[in-house]
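K.L.:
Chains as they are written, first to last, in our numbering: chain A, 4 to 287; chain B, 565 to 915.
Cβ coordinates follow ideal geometry from the N, Cα and C atoms, glycine included.
Keep in mind that this is a model prediction, so the values were computed, not measured.
What follows is a single structure, and I will ask about it in a moment.
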Amino acid sequence: MSNQDTKVGKEASDLPRRNFLRILGIGAACTGAMVSAGSLIAKEQVNESATAPPPPKIPNYDWNKHKWAFGIDATRCIGCLRCVEACKAENGVAQDAHHFRTWVERYVYLEGEDKPRIDSQSDPQNIAASGSEKEFRFDNRYKDAKVEKAFFVPKLCNHCTHPACVQVCPTGATYKTKDGVVLIDHSYCIGCEYCVQACPYGAREFNHVLGVTDKCTWCYHRITKGLLPACVEVCPVEARIFGDRNDPQSPISLFIRNNRVAVLKPETGNAPNVYYVGIDKDVS
Amino acid sequence: MPKHLVRLLILVAVLAVAAIAAKKFFTDKSYYMYGNYRGNSVAEIASDVPRFRGNEYCKSCHTKQYAEWSSSPHNSPGTGKHVKCEVCHGPVGQHPSTLPAPLNFDERLALKEGITNYQAFMPNGKLPVPKEECVQCHEAMPGRPLVQRQVMIAAHAGTEKCIACHNPHSPKINFAAVLQPPRGDASAGKAVAAACGACHGAAGVSVNPAWPNLAGQHAGYLTNSLEAFKSGTRTNAMMSGMAAGLSDTDMQNVAAYFSQAACKTSGGDKAKVDLGKIKAASCALCHGAFGISGNPVWPNLAGQNADYLSSTLKSFQNGSRKHPVMTSVAKTLSAGDVANLAAYYASVNCK
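Have a look at this one:
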């Protein structure tokens, strides 16, 4: 039985298999040729567009002329949280204690303790002190404690030079602009939140109303009009510094030049563009 | 080639063409313009309308408030102190072209006070600043840098609102310019003072330690006290009657006379003085580190009679005398504190 079967099978399929393999070879060669031709054409297109891409149509603004950066002088921050409220008002961030594009952390080292006690404006005790989830303030819980050292650290999106969030976005909804800002195109965001996971700084929040991810834009709609980001505009103690790195006399260029600045989590390789002064080893 | 394979290849080709066409059709024209994203979205994001408009926008109408603010310590750009309009008042948005004005600051305030029409809440054009707005930056708190002006609220103001003493636009109190009362004529005041001498002494040094010395006291404080007795906001069996007969000029003159008289330090119980000195730190902000007040409408305490000082504090505690700051401050003091403070100030040299 088995002998016969093998014989019959061999006779019946020998020729077609050879034919099939031949066709397959030709097909593969053709596909390879098409792909390589296609990629050549694509390369030509990229080269063409690289020579003359008109900048985005923003009135009186050319993104090739700017390189934005942000500075934070934590030695000046008083934890008044005007920036957090201003950001929410300016950008229509959800008025609750769970969605923030910028936030402020408080680090308190008590006498005899190695680790800092850290809280932010969304801490339940602080929400109770403000009496509302729409207003923010730090409660005075360490008033009578033996505090060795304490300070506030404002945080926001670092607008990294090599942003991990852009790397993982499957739809091209988030991207880095020529002037150094990481933005989100809400019409292309599918709400998968890969970027929220990828960001090492926890800077991204999810907009549950629109079903898309949101984040700090350095108030792109303001800086392209010659204004400061809202949080910088309202900071009463000038702890937040913003400006153009292309201008050597801009506040941020002076800030970086005149101070020993640090960035958060440099080991991740994201190369952040928010520069800090006055932060401690436990701030990351 | 077998037919079924040809059919399969054709099908694959058709699907590939359809997929390429669909991608061309559905991908935005600007998608690969600058990279793997929709190029037009950059301009779309940039076209949002700012809500914070900056000081210059506010200045265009509120010139008076702007002038007050611009010469105050709240306007010291470059020094780490630059409290612009929208820091306290919130974003101006499209105010005043859209109503209700989107000043969330006022909305918030009105909500707190249970007032829906907050424009009626500002009848004289003044925008009240609730205490919370000031303490958000100025409450003493670990973590705030030392250069930031900070106060212990209970000791500094009690339950009084900040605006009782401070104008938020220009919070530094310029005592000499703002509160200097009209000057009286000391020589004309001497005649009026004859009636006071029976109790307070002809030279302003009281004959009874329960009554205050007037010599060397601020004229502004003396005038205000007489006015308070006359108007009835402060009452005393003797003084209410005495003040009722005095004209405004009389009050200023007699105040000027006593303010220029030589003061006398009454002295206090040595044991209590040392304890009182420690407690006096919380009084020093208004009444001066050595009992000489920097504000002409707040009294000097140095050298004053201990009995009078302690009875005054007790009258604030029991409510028979009222003052926005002193009422709440006095309530934080124990009976021992009162006695010690009185002894301390009585012993401080008044000169």
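1. With a CB to CB cut of under 7 Å and the five nearest residues on each side skipped, what residues in its chain are close to residue 855/B?
2. Span of the beta strand (DSSP E) holding residue 123/A?
3. Between residue 752/B and residue 880/B, what straight-line distance do the alpha-carbon atoms span, to the nearest angstrom?
4. Please confirm if the segment 83–97 of chain A is in contact with the segment 569–581 of chain B, defined as three or more CB-CB distances below 8 Å between the two stretches.
5. Can you find a C-beta in chain B that's less than 9 Å from the C-beta of residue 61/A?
6. Mind pulling the chain B residues with CB within less than 9 Å of residue 122/A?
7. For residue 630/B and residue 622/B, what's the separation of their Cα atoms in angstroms?
8. For the segment 117–133 of chain A against the segment 101–109 of chain A, do three or more pairs of beta-carbon atoms, one drawn from each stretch, fall closer than 8 Å, so that the two count as touching?
9. One question on the structure: do residue 225/A and residue 93/A come within less than 9 Å of each other, judged by their Cβ atoms?
10. By the three-class DSSP mapping on this structure, what secondary structure does residue 797/B have?
11. Less than 9 Å separating the beta-carbons of residue 109/A and residue 153/A?
12. Expressed to the nearest angstrom, what Euclidean distance is found between the alpha-carbon atoms of residue 212/A and residue 720/B?
13. Just the Cα atoms here: how many angstroms apart are residue 156/A and residue 80/A?
14. Name the chain B residues that come within less than 7 Å of residue 150/A, Cβ to Cβ?
15. Under 8 Å between beta-carbons, which chain B residues line up against residue 109/A? List them in chain order, please.
16. Closer than 9 Å between beta carbons: that is the criterion. Which residues of the segment 631–649 of chain B meet it against chain A?
17. Please list the segments of the alpha helix (DSSP H) lying wholly inside the segment 85–157 of chain A, counting only runs of 4 or more residues, in order along the chain.
18. Can you tell me whether DSSP reads residue 569/B as helix, strand or coil?
19. Exposed or buried, residue 647/B, counting other C-beta atoms within 10 Å across all chains shown (16 or more means buried)?
20. Can you name the start and end residues of the alpha helix (DSSP H) that residue 812/B belongs to?
21. Given residue 602/B, which residues of its chain have a CB within under 7 Å of its CB, disregarding the five upstream and five downstream residues?
22. Counting pairs of Cβ atoms below 8 Å between the segment 241–260 of chain A and the segment 65–79 of chain A, do you hit three or more?
23. Using a beta-carbon distance cut-off of less than 9 Å, what residues from the segment 607–618 of chain B approach chain A?
24. Is any beta-carbon of chain B found at less than 9 Å from that of residue 78/A?
25. Going by DSSP, name the residue or residues bridged to residue 640/B.
26. What in chain B is Cβ-close to residue 224/A, meaning under 9 Å?
27. Reducing DSSP to helix, strand and coil, say where residue 179/A ends up.
28. Which of helix, strand or coil does DSSP assign to residue 34/A?
29. Leaving out five residues before and five after residue 806/B in sequence, what residues of the same chain have Cβ atoms less than 8 Å from its Cβ?
30. Report, in whole angstroms, the separation of the C-beta atoms of residue 203/A and residue 167/A, which I expect to be a contact under 8 Å.
31. Quick check: residue 163/A and residue 199/A, are their CB atoms within less than 9 Å of each other?
32. Relative to the C-alpha of residue 774/B, which residue among 850/B, 877/B and 790/B is closest?
33. Name the DSSP beta bridge partners of residue 524/B, please?
34. Taking Cβ-Cβ distances shorter than 8 Å, what residues in chain A pair up with residue 731/B?
35. Measuring alpha carbon to alpha carbon, tell me which residue in 840/B, 825/B, 827/B and 790/B is nearest residue 816/B.
36. When the Cα of residue 174/A is compared with those of 187/A, 180/A and 238/A, which residue comes out closest?
P.N.:
Taking the structure as given:
1. 864, 865, 866, 909 and 912
2. 120–123
3. 33 Å
4. no
5. yes
6. Near residue 122/A there are no residues of chain B at all, since even the closest Cβ is about 11 Å away, more than 9 Å.
7. 8 Å
8. yes
9. yes
10. coil
11. yes
12. 45 Å
13. 7 Å
14. 706
15. 707
16. 638, 641, 642, 643, 644, 645, 646, 647 and 648
17. 85–94 and 127–133
18. helix
19. buried
20. 812–824
21. 592, 594 and 595
22. yes
23. 607, 608, 609, 610, 611, 612, 613, 614, 615, 616, 617 and 618
24. yes
25. 645/B
26. 609, 610, 611, 612, 613 and 614
27. strand
28. helix
29. 759, 760 and 793
30. 7 Å
31. no
32. 877/B
33. Residue 524/B is absent from the structure shown; chain B starts at 565 and stops at 915.
34. The premise fails here: residue 731/B is roughly 17 Å from chain A at the closest Cβ pair, so nothing lies under 8 Å.
35. 790/B
36. 187/A
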